[in-house]
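First up is the structure itself, then whatever we jot down about it.
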Amino acid sequence: MTNAPDDADERRAVVPVICYPNDTLPVPDLSLYAQALAGADVVDVSVAAPRDACTFRVPAGSFFRILSVDGPQVGDLNLWNAHDLSERFYSGKTRALHGTHVTTGERLWSSFPTLRPMATIVEDSLGWYGIDSYGGSVHDVIGTRCDPYTGNLLSGVQYHHCCHSNLTRALADATGMTLAEAEPHVHDVLNVFMCTGFTRDTGQYFMKASPVRPGDHLTFFAEIDLLGALSACPGGDCSAEHTSDAAACYPLRVEVLQPAQGALDGWSPPPVNGYDRSHGRG
Ligand SMILES: [Zn+2]
């Protein structure tokens with residue numbers, strides 16, 4: 001423990017400022033998206049079986065909806081540019097821009113150098129949850145994904161149905177890559193339906209039983225052509241543990257919805273980021 005200076009209380013009392021004020025971000029036309037969604041039809045359905053993952057493809061200008069079915073279940077979502085897997089969801093920057101949890105109107109941003117919205121959340125049936133008295137909320141971009149390496153580090157186990165492995169197998173199956181080729185493309189996730197936060201006293205990552213019930217859903221507009229992968233986490237509703245077969249697990253359903261012809265007139269996919277990439281060298 002270090003000695004506190006005389007002005008410690010004063011220093012702690014400094015008022016925080018938001019790192020990235022987001023009022024200059026490009027604003028999605030949510031009413032256009034809502035209209036297009038109202039007339040959209042389901043054209044494809046995938047199901048992530050319990051403790052396993054599925055993949056799905058969503059053309060730019062279509063929607064995808066993740067649905068709770070059968071029982072409370074958390075999902076781990078990865079997104080890639082369907083034509084270039086090096087452009088992928090950037091959970092850390094999404095967190096810096098929007099906060100620890102995301103909901104309607106917020107966007108999932110891609111990695112450098114493109115840094116553009118990949119998907120925009122257009123419906124969140126758990127939007128009512130807000131932030132609870134523990135500081136918990138739903139759909140986080142603070143966790144990474146459950147994985148067998150951390151499980152081995154902490155418990156010495158060989159467990160093969162963590163979200164990391166589920167996503168790796170699903171991506172390999174979708175692309176024809178080997179597991180070794182697919183694994184480096186798996187990245188930090190959006191924890192769909194998961195209820196998480198940081199403890200106020202120790203700052204530790206916590207989870208608690210998800211408030212999700214069958215019928216709850218989270219719906220996204222695809223801003224670019226997407227390849228997605230969704231794992232039905234072995235933690236189930238994440239009320240107790242993950243990285244084991246102990247929790248009750250349920251499937252998650254993914255629907256792809258195509259809007260009617262002309263429903264998105266005036267919309268165009270977002271351009272890649274405008275930084276010139278010279279990094280200070282002429
Ligand atoms: Zn998981």
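Okay, so the sequence shown: first residue is 1 according to UniProt numbering, each after it adds one.
Don't be surprised by glycine CBs; every beta carbon is placed ideally from N, CA and C.
Rounded to whole angstroms, the gap between the alpha carbons of Phe89 and Asp9 is 40 Å. If you check the C-beta of His160 against ligand 1, you find no heavy atom less than 8 Å away.
The C-alpha of Cys249 is placed about 8 Å away from the C-alpha of Cys233. Shortest gap from the CB of Gly235 to any heavy atom of ligand 1: under 8 Å. Taking each of Ser62, Arg277, Tyr20 and Val27 in turn and checking the Cα distance to Ala222, the smallest one comes out for Ser62. DSSP places Glu10 in no beta strand (DSSP E) but in the uninterrupted alpha helix (DSSP H) bounded by Ala8 to Arg12. Its Cα nearest to that of Glu241, the residue Met207 stands out among Gln261, Arg253, Asp216 and Met207.
Of all alpha-carbon atoms in Thr144, Arg116 and Gly262, the one lying nearest the alpha-carbon of Tyr275 is that of Arg116. For Ser244, the three-state secondary structure derived from DSSP is coil. According to DSSP, Trp80 shares a beta bridge with Arg88 and Leu227.
Relative to ligand 1, Asp76 has its C-beta within less than 8 Å of a heavy atom. Taking C-alpha positions only, Gly151 is separated from Gly235 by approximately 13 Å. For Gln258, the enclosing beta strand (DSSP E) starts and ends at Leu252 to Gln258. Taking 9 Å as the cut-off, the beta carbon of Leu226 is found no closer than this to the beta carbon of Leu252. Asp245 counts as exposed, since fewer than 16 other beta carbons sit within 10 angstroms of its beta carbon. In this structure, DSSP gives Leu32 a helical state, which the three-state scheme calls helix.
Taking C-beta atoms as the reference points, Ser125 and Gly215 count as a pair closer than 9 Å. With respect to the 9 Å criterion, Leu108 and Glu255 are not classified as neighbours on the basis of their beta carbons. Straight-line measurement puts the Cα of Gly282 at about 47 Å from the Cα of Ile131.
Cβ-Cβ separation between Cys162 and Pro184: approximately 16 Å, too far for a contact (criterion under 8 Å).
The alpha carbon of Leu79 has as its nearest neighbour, out of Val27, Asn273, Val189 and Val42, the alpha carbon of Val189. For Asp41, the enclosing beta strand (DSSP E) has its first and last residue at Asp41 to Ala48.
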